[in-house]
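Residue numbering for the sequence shown follows our numbering, beginning at 211 and increasing consecutively.
Glycine included, every Cβ here is placed at the ideal spot set by N, Cα and C.
So the structure is just underneath, and the comments pick up after that.
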Amino acid sequence: MTTVRNIARGVQSFTSNAFLVDGERTVLVDAGNGFDAVERIEGAVGTLDAVVLTHTHPDHVGNLDSVVEAFDVDVWGFSPDSGFVDHAVSDGDGVQIGDGRYETLHTPGHKDDHVCLYSAAEGSLFAGDLVFANGGYGRTDLEEGDHAALVGSIEYLLSTVDDTLSTMYVGHGPTVDADPKQHIELALQAARMSA
Numbered sequence: 211m212t213t214v215r216n217i218a219r220g221v222q223s224f225t226s227n228a229f230l231v232d233g234e235r236t237v238l239v240d241a242g243n244g245f246d247a248v249e250r251i252e253g254a255v256g257t258l259d260a261v262v263l264t265h266t267h268p269d270h271v272g273n274l275d276s277v278v279e280a281f282d283v284d285v286w287g288f289s290p291d292s293g294f295v296d297h298a299v300s301d302g303d304g305v306q307i308g309d310g311r312y313e314t315l316h317t318p319g320h321k322d323d324h325v326c327l328y329s330a331a332e333g334s335l336f337a338g339d340l341v342f343a344n345g346g347y348g349r350t351d352l353e354e355g356d357h358a359a360l361v362g363s364i365e366y367l368l369s370t371v372d373d374t375l376s377t378m379y380v381g382h383g384p385t386v387d388a389d390p391k392q393h394i395e396l397a398l399q400a401a402r403m404s405a
């Protein structure tokens with residue numbers, strides 16, 4: 211059975227959440243920044259098969275080099291040109307995470323290479339920095355930020371997920387495990403109002 215742990219829990223530095231997904235294929239979704247990710251992975255499961263990135267902002271990839279070096283793993287992500295990614299995934303591609311097969315959804319707006327990872331069978335979504343709990347959404351004032359594209363990406367996400375979605379793992383803040391689709395709808399309303 212798949213187990214998901216946020217190995218960045220309790221870290222006080224500038225970091226994203228970093229989800230260690232144990233199962234058939236043990237995967238780290240985003241590496242976080244400014245803490246000993248290797249020690250936390252070793253303490254939790256002892257091994258790692260791959261890293262999958264939602265995007266390449268520093269708070270999501272700061273620990274990446276040490277994780278790759280320690281576990282000799284490859285990195286999957288949208289942009290091979292970033293220097294972080296060994297295997298490029300495109301919109302609609304499948305990626306094995308834990309025991310589930312996740313569909314890659316290209317969702318720019320926060321950053322050009324941003325993706326969400328969704329598995330209807332697992333009832334699970336890794337939303338990165340596209341949407342957060344309680345209707346929050348990713349900032350668009352950084353390089354490659356585009357508010358109109360972000361709204362379009364939230365619309366795309368909302369049209370893709372269905373009512374089987376039970377858990378949404380977000381890049382910052384708490385995991386949403388009660389009606390995550392409603393939180394996406396709230397994010398879309400809020401993003402449209404601030405356009």
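Could you check whether the segment 246-256 touches the segment 274-281, counting it as contact only if at least three pairs of C-beta atoms, one from each stretch, sit closer than 8 Å?
The segment 246-256 vs the segment 274-281: in contact.
Residues near T236 by beta carbon distance below 7 Å, same chain, minus five either side
Here the set comprises V255, T257, L258 and D259.
When you compare each of S226, S376, S334 and G333 to I268 by their alpha carbons, which one comes out closest?
Per the sequence shown, the amino acid found at residue 268 is Pro instead of Ile. When only C-alpha atoms are compared, the closest one is S226.
Whole-Å CB distance - H324 paired with D303, under 8 Å assumed
No, H324 and D303 are not in contact; Cβ-Cβ is about 15 Å, not under 8 Å.
Can you check which of these residues, T212, A228, Q222 and V221, is closest to T385 by C-alpha distance?
A228
By the 10 Å Cβ neighbour count, where 16 or more other Cβ atoms means buried, how is N344 classified, buried or exposed?
exposed
Can you check which of these residues, V341, G319, G272 and G287, is closest to L352 by C-alpha distance?
G319
E354 - partner residues in DSSP beta bridges
None; E354 has no bridge partner.
Spatial neighbours of T377 within its chain, please: C-beta separation below 6 Å, excluding the five flanking residues on both sides.
S334 and D387
Residue closest to H316, alpha-carbon to alpha-carbon, out of L360, K391, A218 and V231:
L360
E313 - DSSP class collapsed to helix/strand/coil:
strand
For the alpha helix (DSSP H) containing A280, list its first residue and its last residue.
Annotation: the continuous alpha helix (DSSP H) that includes A280 extends over L274 to F281.
Quick check on the burial criterion: 16 or more other C-beta atoms within 10 angstroms. Buried or exposed for F342?
Here F342 is buried. Its C-beta has 16 or more other C-beta atoms within 10 Å.
Could you give the distance in angstroms between the alpha-carbon of H393 and the alpha-carbon of G253?
33 Å
What did DSSP end up calling S363 once you bin it into helix, strand or coil?
helix
If you measure between the beta carbons of V283 and S289, is that distance less than 8 Å?
Cβ atoms of V283 and S289: not closer than 8 Å.
Can the beta-carbon of T314 be found closer than 8 Å to that of D301?
yes
So for A331, helix, strand or coil by DSSP?
coil
Range of the contiguous beta strand (DSSP E) that encloses A260
Residues A260 to V262.
Quickly, what does DSSP pair N227 with across the bridge? List them, please.
Bridge partners of N227: none, in fact.
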